[in-house]
Amino acid sequence: MSKLSIFLMIATIVVAIQADGNVRPVRCGDRCTIKDLQDPRLLCVRDRTSNTCTKLRPCRLPEWNCIRRNAGRELLRETCLSQCRRIPGGSSASGPCAPKKRPVSKD
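Written as structure tokens, this is what we have:
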């Protein structure tokens, strides 16, 4: 083999190795501030795959979804707060989702 062929083969291998190493998960930014954490509002988010509901601060939802996106999992969505009514505790408390309340018709 000529020197040029050997050089091109080594260069191709180096480029292939570097291309593999460039796959990095997206860095999750936008951390909650102290002011956000002191906010009394809570969201109820539901994981459809496990039917688990979690109470979260509004600033935590994008953070959790970024982590789930990096792991290749389905994103969490905000649902009505009544589905978290059976979950005791404050922020980040999880449990099975309560069934949705259906309006009762009067006959």
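Here the sequence shown stands for residues -19 to -1, 1 to 88, where the numbers follow mature numbering (1 follows the signal peptide of the UniProt record, and there is no 0). For glycine and all other residues, C-beta sits at the position ideal for the given N, C-alpha and C.
- Sequence-distant partners of Glu59 (beyond 5 residues in either direction) whose C-beta falls short of 6 Å from its own C-beta, in its chain, are Leu24 and Val26.
- In this chain, Glu59 is not harboured by any alpha helix (DSSP H); it is covered by the beta strand (DSSP E) spanning Arg58 to Thr60.
- With respect to the 8 Å criterion, Arg38 and Ser72 are classified as neighbours on the basis of their beta carbons.
- The Cβ atoms of Asp28 and Leu57 lie closer than 8 Å to each other.
- Of Pro21, Thr30 and Pro80, the smallest CA-CA separation from Arg54 is found for Thr30.
- DSSP places Leu18 in the uninterrupted alpha helix (DSSP H) bounded by Ile15 to Gln19.
- Leu42: member of the alpha helix (DSSP H) spanning Arg41 to Asn51, first to last residue.
- For Gly71, there is no enclosing beta strand (DSSP E), since its DSSP letter is neither H nor E.
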